């Protein structure tokens, strides 16, 4: 039969594990900010970025400069950066 000290040590070990798990959850919650995008929000963001990219390509090509696939990818990447959270 375990002694009182052994039981207290086991409880302390469990308590430490629970506290570690709680700290990890708090850290992940801080990274997530509690907001998960819905599929509709993701689709709206995609449509906005696609429209913005298309407009930038039209404006660039209007000045007799052909936009390559690499430039399109670079513009798309730049447009995808959310400067409010960076």
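Numbering (this note's numbering), first residue to last: 525 to 610.
Built from N, CA and C at the ideal position, the CB exists for glycine as well.
Just so it is clear, the structure is predicted and the values come from calculations on it, not from any experiment.
- A direct Cα-to-Cα measurement between residue 538 and residue 566 gives close to 41 Å.
- Collapsing the DSSP output to three states places residue 592 in coil.
- Secondary structure of residue 576 (DSSP, three-state): helix.
- Burial check for residue 577: the Cβ neighbour count within 10 Å reaches 16 or more, so the residue is buried.
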